[in-house]
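*Asks:* Take a look at this one; I'll ask things after.
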Amino acid sequence: MNTRNEQLLQIVNQRKKIEVNELAALLHVSKVTIRKDLTLLEDQGLLQRQHGFAMINNPNDLKFRLAQNYDTKRQIAKVAAANVQDNETIMIESGSTCALMAAELAQAGKRVTIITISFFIANYVRDYPNISVNVLGGEYQSDSQVAVGPLTKAMLANFHTNKLFLGTDGFDTQFGFYSNDIMRADTVQAMVENAEQTIILTDSRKFQSKSTVRQLAFNQVDTVITDPKIPTNVQDLLQQNRINVTLA
């Protein structure tokens, strides 16, 4: 994504709904150029177009979360993707930054097999023949587009990978990482048991929120990839608990 498209996305996220003609004027480009930009961003699921307007996605949709703080998430995704080798099999949980990481792998042409609970991620990289995806079944959660529960955990027992990539919804200095859904947190525990390394991808804002359900303790996490705005005390705490912190 070029700088103009990043600015465009930021404006739409701030305004919620804006006329296409006004966008062109704000960015000092022609209406033809702005329409091409909007088509590209809409194809990526980052916004919607409707009757001469550009609009944010439904806030309950994962595509909406994908567009929030997009540039930071993309930088984190790039760093994470660089840790994956050609012909490697990895496990990915779900979330917007993990989806961007899968896209980075796909666009880099790496031949990677992904084991995931996320139907969103599977669909997000569907057009790339170099990416093979195994989607685990189970109880389907429509908002997050993931499979969870006993059947998912039973299927996980058949897989083992070197790396597991996942997101998080919150953080607590006493316990560690939090989720906003108990079923997803339980499924994450099963994924961790079947991977050698657990790598959390999150923008620094998540360290300001505790969320509701305990997800992973410090000793269950090997690496956190985040942005430089992570609070210094949090970074120090993670490193004291032998968690590698990589800044994107």
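Each residue of the sequence shown is one higher than the one before, counting from 0 in numbering that gives the first Met the number 0.
Backbone N, C-alpha and C define an ideal beta-carbon position, used for all residues, glycine too.
What you are looking at is a predicted structure, and each value in this text was computed from that prediction instead of being measured.
Is the Cβ-Cβ distance between Ala23 and Ile33 less than 7 angstroms?
*Replies:* What you label residue 23 is simply residue 24 of the sequence shown in a count that begins at 1. What you label residue 33 is simply residue 34 of the sequence shown in a count that begins at 1. Contact flag set, yes.
*Asks:* Could you give the DSSP three-state label for Ala146: helix, strand or coil?
*Replies:* As a working note, residue 146 is residue 147 in the sequence shown. Three-state result, Ala146: strand.
*Asks:* Measuring alpha carbon to alpha carbon, tell me which residue in Gly44, Gly137 and Ile120 is nearest Ser131.
*Replies:* Stepping through the sequence shown from its first residue, residue 131 is reached at position 132. It is Ile120.
*Asks:* Under the assumption that Val111 contacts Ile89 (Cβ atoms under 8 angstroms), give the Cβ distance between them as a whole number of angstroms.
*Replies:* Residue 111 sits at position 112 when you count from the first residue of the sequence shown. Residue 89 sits at position 90 when you count from the first residue of the sequence shown. Indeed they touch by this definition, with Cβ atoms about 6 angstroms apart.
*Asks:* I need the boundaries of the alpha helix (DSSP H) containing Lys16, first residue and last residue.
*Replies:* Residue mapping note: residue 16 aligns to position 17 of the sequence shown, counting from 1. From DSSP, Lys16 is part of no alpha helix (DSSP H) but of the beta strand (DSSP E) over Lys16 to Glu18.
*Asks:* DSSP on Leu46, reduced to helix/strand/coil?
*Replies:* Locating residue 46 in the sequence shown gives position 47, counting from the first residue. In this structure, Leu46 counts as coil in the three-state DSSP scheme.
*Asks:* Taking the straight line between their C-alpha atoms, what separation do you get for Ile198 and Lys162?
*Replies:* Position 199 of the sequence shown holds residue 198. Position 163 of the sequence shown holds residue 162. Their Cα atoms are separated by approximately 7 angstroms.
*Asks:* Just the Cα atoms here: how many angstroms apart are Ala79 and Asn243?
*Replies:* If you number the sequence shown from 1, residue 79 lands on position 80. If you number the sequence shown from 1, residue 243 lands on position 244. C-alpha separation (whole angstroms): 13 angstroms.
*Asks:* Please check the pair Glu92 and Phe164, which I expect to be a contact at CB under 8 angstroms, by giving their CB distance rounded to whole angstroms.
*Replies:* For the purposes of this step, residue 92 is identified with residue 93 of the sequence shown, where counting begins at 1. For the purposes of this step, residue 164 is identified with residue 165 of the sequence shown, where counting begins at 1. Correct: roughly 7 angstroms between the Cβ atoms.
*Asks:* On the DSSP bridge list, what partners appear for Thr160?
*Replies:* Looking up residue 160 in the sequence shown gives position 161. Thr160 pairs with Ala194.
*Asks:* With C-beta atoms as the reference, is Ile75 less than 7 angstroms away from Leu215?
*Replies:* For the purposes of this step, residue 75 is taken as the residue at position 76 of the sequence shown. For the purposes of this step, residue 215 is taken as the residue at position 216 of the sequence shown. Against a cut-off of 7 angstroms, the Cβ pair of Leu215 and Ile75 comes out as no contact.
*Asks:* According to DSSP, simplified to helix, strand and coil, what is Gln9?
*Replies:* Taking the sequence shown and counting its residues from 1, the one referred to as residue 9 is at position 10. Residue state, collapsed to three classes: helix.
*Asks:* Using DSSP bridges, identify the partner residues of Leu215.
*Replies:* Locating residue 215 in the sequence shown gives position 216, counting from the first residue. Paired residue(s): Phe176.
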